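Novice: Dropping the structure in here first, questions after.
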Amino acid sequence: GRGGGHYKQDLLGLFHATFGAARARRAELERDLGHVESVLAKGAEEARRVAAPILDGVRRAVGTR
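When you read off a place in the sequence shown, starting at 1, and then add 2, the result is the number in my numbering.
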């Protein structure tokens, strides 16, 4: 019945339905890279805060502190 072109169109439609919102959000974020950098910096700061006591314990356990 249907040719390969029809299946490609169906697949393209599914791709856009699945990833369209994420692609739009990415494009939105690309327009405000300062905000992205700010969010990443805050996340890195929080990660360091959470990891510091754990890493200190590991260093003490292995004898490097």
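Even for Gly, the Cβ is constructed at its ideal location relative to N, Cα and C. Everything numeric in this text was worked out from a predicted model, so none of it was measured.
(1) Take P55 as the anchor and find which of K44, R67 and G45 has the nearest alpha-carbon.
(2) Which of the three DSSP states, helix, strand or coil, is assigned to R50?
(3) Can you give me the start and stop residues for the alpha helix (DSSP H) that D12 sits inside?
Specialist: Short version:
(1) The residue among K44, R67 and G45 with its C-alpha nearest the C-alpha of P55 is R67.
(2) helix
(3) Per DSSP, the continuous alpha helix (DSSP H) segment holding D12 begins and ends at G6 to E32.
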